[in-house]
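Novice: Residue numbers for the sequence shown follow my numbering, beginning at 19 and rising by one.
Let me give you the structure first, and then I'll get to my questions.
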Amino acid sequence: MSKVAVCIGKRIPRIPGNTVYLTLFGENPLPNTFPIYYLPVILKSLELDGWLSRREINELLELSSGLKSGYINFEKLEALWGEPFKTIRMFFYGKGILIENGKTLSFWVSPLFATLSAALVALLHKDVLVIAWMDIFNNNQKNFIFNLLMERSAKTFVCFINKRDRSLAITDHLIIDVNNINDVQLNVPLKYPIERIDGEFIELNKVNGLWMPTGKVYDSLIFRGGCIPRRPPEVNYLEELFGKEATLVYEILDELFNNMPLSLSIFLNILKEYFKNSKKAAGILRSLLSFKIISISQANVYLTERGVNFYEKFSKS
């Protein structure tokens, strides 16, 4: 059976199991942290949401190449790049996706970041997922989301208010709200007429090109949440990028800020003096250059405009 099932109707079916629901009326924010190896997919979703260009994605991936493996969050991405990640943090501030037995867990779709919302939950949730409604996405966004869903090991139910022929082509599993759609509106080859069951969804499977009711029925769920933005706390960019070494990096930038420009040889000596290790000093230099905090011109070191911003933010924290 297909990994993706299609639901049609104006309501959301209740799917048994450790199911997570993503909907405009979800009741929780999605998390802001994810494994760094998902970063290319996350950035692509932001391109489809209209926030980043392909060139900007390539630059951001180059900037992030200096980060350690493991997890990354939107605070760190804001430190690397700025917007749209500060705005993203207004809507994505959850702690994780953890289902308690017997409880229904739903997350809201952020209207400004709809494709990002779908991508994040598809990547992070490893069990059954319901997305309602797919009608809000354009064709390019739908294609991207469907490709992600087909890679998941668990089942995904994608809900449409109206029937979508293309979506039915990739599935053999259909759930319809018989209160809102009849045989004629459904317009698919049926082996038997659909029997109306008040207040219920019915399930159909595709067998030899014909859709056949399985006899299984589902009730519906109502969510009364919705996207709740909050003002994100300020990010100390040096701490995000350098961790426990941020204070030493700040002191080095302070020397550069007050004595600019410094010759490269003098700047290297300052790094060695602070870090007491040539290899470590060389690594910090690479990071400062990679994150575009400093620049080198004609054997002199300068603090970039971005670097000045980092320096001033740290001094005020």
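Cβ coordinates follow ideal geometry from the N, Cα and C atoms, glycine included.
No experiment lies behind these values; they were computed from the predicted model shown.
(1) Rounding to the nearest angstrom, what Cα-Cα distance links L98 and F131 in this structure?
(2) K113 to S281, Cα distance in whole Å?
(3) With a Cβ-Cβ cutoff of 8 Å, do H191 and A23 count as a contact?
(4) Locate the alpha helix (DSSP H) running through S283, then write down its first and last residues.
(5) How should P79 be labelled, buried or exposed, when 16 other C-beta atoms within 10 angstroms of its C-beta is the threshold for buried?
(6) Unbroken alpha helix (DSSP H) runs of length 4 or more, entirely within the stretch 49-95: which are they?
(7) For the stretch 237-249 and the stretch 84-96, state whether three or more C-beta atom pairs, one from each stretch, are separated by less than 8 Å.
(8) Leaving out five residues before and five after E258 in sequence, what residues of the same chain have Cβ atoms less than 7 Å from its Cβ?
(9) For N46, I'd like the list of residues in its chain whose CB is within less than 8 Å of its CB, leaving aside the five on either flank, ordered along the chain.
(10) Can you check whether the C-beta of I194 is within less than 8 Å of a C-beta belonging to chain D?
(11) I need the boundaries of the beta strand (DSSP E) containing E169, first residue and last residue.
(12) What's the call for S63, buried or exposed, on a 16-neighbour Cβ count within 10 Å?
(13) Please identify the residue among F241, L303 and D237 whose C-alpha is closest to the C-alpha of Y268.
(14) Within 8 Å, do at least three Cβ pairs link the stretch 223-242 to the stretch 260-280?
(15) Nearest CA to the CA of F110: which residue from R32, L48 and P279?
(16) Over what stretch of residues does the alpha helix (DSSP H) that includes G301 continue unbroken?
(17) Tell me which same chain residues have a C-beta within less than 7 Å of the C-beta of V253, skipping the five on either side of it?
(18) Kindly indicate the opening and closing residues of the beta strand (DSSP E) around E221.
(19) Would you kindly check if the distance between the Cβ of I188 and the Cβ of F175 is under 8 Å?
(20) I'd like the span of the beta strand (DSSP E) that includes A150, first residue to last.
(21) The alpha helix (DSSP H) that contains T265, what's its start and end?
(22) Please tell me whether F285 and V326 are closer than 8 Å, where the distance is taken between their beta carbons.
(23) So who's on the other strand from C245, going by DSSP bridges?
(24) Less than 8 Å between the CB atoms is what I'm expecting for D195 and G27, so what's the real figure, rounded?
(25) Determine the extent of the alpha helix (DSSP H) in which V326 is found, giving its start and end residues.
(26) Determine the direct distance from the alpha carbon of R170 to that of T232, and round the result to whole angstroms.
(27) Helix, strand or coil: which one does DSSP assign to A317?
(28) Report yes if the C-beta distance between F328 and I311 is below 8 Å; otherwise report no.
(29) Is it right to say R107 is buried, meaning 16 or more other beta carbons lie within 10 angstroms of its own, or is it exposed?
(30) In whole angstroms, what is the alpha-carbon distance linking L321 and L256?
(31) Pick out whichever of K234, L307 and E330 has its Cα sitting closest to the Cα of N276.
(32) Taking just the CA atoms, how far does M278 sit from L61?
Specialist: Reading from the atomic positions:
(1) For the purposes of this step, residue 98 is taken as residue 80 along the sequence shown, with counting starting at 1. For the purposes of this step, residue 131 is taken as residue 113 along the sequence shown, with counting starting at 1. Taking the straight line from one Cα to the other gives about 19 Å.
(2) The residue you call residue 113 lines up with position 95 of the sequence shown. The residue you call residue 281 lines up with position 263 of the sequence shown. Distance between the alpha carbons of K113 and S281: 45 Å.
(3) To locate residue 191, count along the sequence shown from 1; it is residue 173. To locate residue 23, count along the sequence shown from 1; it is residue 5. By the CB criterion at 8 Å, H191 and A23 fall inside the cutoff.
(4) Your numbering for residue 283 matches position 265 in the sequence shown. Counting along the chain, the unbroken alpha helix (DSSP H) around S283 starts and ends at L282 to F293.
(5) By one-based count along the sequence shown, residue 79 stands at place 61. Per the sequence presented here, residue 79 reads as Leu, with Pro not at that position. So L79 counts as exposed.
(6) Fully enclosed alpha helix (DSSP H) runs of 4 or longer: 57-66 and 72-82.
(7) No: the two stretches stay apart, fewer than three of their Cβ pairs being nearer than 8 Å.
(8) For the purposes of this step, residue 258 is identified with residue 240 of the sequence shown, where counting begins at 1. Only E93, K94 and A97 meet the Cβ criterion.
(9) Taking the first residue of the sequence shown as 1, we reach residue 46 at position 28. In the same chain as N46, and ignoring 5 residues on each side of it, the C-beta atoms closer than 8 Å to its own belong to G112, L123, S124, F125, W126 and G243, in chain order.
(10) The question asks about chain D, but that chain is absent: this structure has only one protein chain.
(11) Within the sequence shown, residue 169 is the residue found at index 151, counting from 1. Segment N157 to E169 is the alpha helix (DSSP H) holding E169; no beta strand (DSSP E) there.
(12) To locate residue 63, count along the sequence shown from 1; it is residue 45. Looking at its Cβ environment, which holds 16 or more other Cβ atoms inside 10 Å, S63 is buried.
(13) Translated into the one-based positions of the sequence shown, residue 268 becomes position 250. Selected option, being the one with the closest Cα: L303.
(14) Cβ pair count under 8 Å is below three, so no.
(15) Counted from its first residue, the sequence shown places residue 110 at position 92. Taking each of R32, L48 and P279 in turn and checking the Cα distance to F110, the smallest one comes out for L48.
(16) Against the sequence shown, residue 301 aligns to sequence position 283. Annotation: the continuous alpha helix (DSSP H) that includes G301 extends over S296 to S308.
(17) Walking along the sequence shown from the start, residue 253 turns up at place 235. Cβ within range, chain order: E93, E96 and A97.
(18) As a first step, residue 221 is located in the sequence shown; it is residue number 203 there, counting from the start. F219 to V225 is the span of the beta strand (DSSP E), which, as asked, contains E221.
(19) Taking the sequence shown and counting its residues from 1, one reaches residue 175 at position 157. Taking the sequence shown and counting its residues from 1, one reaches residue 188 at position 170. At a Cβ-Cβ threshold of 8 Å, F175 and I188 do not count as neighbours.
(20) Counting from 1 along the sequence shown, the entry for residue 150 is found at position 132. Run containing A150: L147 to A150, per the beta strand (DSSP E) assignment.
(21) Position 247 of the sequence shown, counting from 1, holds the residue named residue 265. Segment A264 to N277, the alpha helix (DSSP H) holding T265.
(22) Translated into the one-based positions of the sequence shown, residue 285 becomes position 267. Translated into the one-based positions of the sequence shown, residue 326 becomes position 308. Not a contact, by the Cβ cut-off of 8 Å.
(23) On the sequence shown, residue 245 is found 227 positions in, with the first residue counted as 1. Under DSSP, no beta-bridge partner is assigned to C245.
(24) In the sequence shown, counting from the first residue as 1, residue 195 sits at position 177. In the sequence shown, counting from the first residue as 1, residue 27 sits at position 9. So it is a contact: roughly 2 Å between Cβ atoms.
(25) For the purposes of this step, residue 326 is taken as the residue at position 308 of the sequence shown. Unbroken alpha helix (DSSP H) run through V326: E323 to K334.
(26) For the purposes of this step, residue 232 is taken as the residue at position 214 of the sequence shown. For the purposes of this step, residue 170 is taken as the residue at position 152 of the sequence shown. Their Cα atoms are separated by approximately 25 Å.
(27) Sequence index remark: in the sequence shown, residue 317 carries index 299 (1-based). In the three-state reduction of the DSSP assignment, A317 falls in the coil class, being assigned neither a helical nor a strand state.
(28) Within the sequence shown, residue 328 is the residue found at index 310, counting from 1. Within the sequence shown, residue 311 is the residue found at index 293, counting from 1. Against a cut-off of 8 Å, the Cβ pair of I311 and F328 comes out as a contact.
(29) For the purposes of this step, residue 107 is taken as residue 89 along the sequence shown, with counting starting at 1. Buried is the call here.
(30) As a first step, residue 321 is located in the sequence shown; it is residue number 303 there, counting from the start. As a first step, residue 256 is located in the sequence shown; it is residue number 238 there, counting from the start. Taking the Cα positions, L321 is about 14 Å away from L256.
(31) In the sequence shown, counting from the first residue as 1, residue 276 sits at position 258. Measuring from the Cα of N276, the nearest candidate turns out to be E330.
(32) If you number the sequence shown from 1, residue 61 lands on position 43. If you number the sequence shown from 1, residue 278 lands on position 260. Taking the straight line joining both Cα atoms gives about 36 Å.
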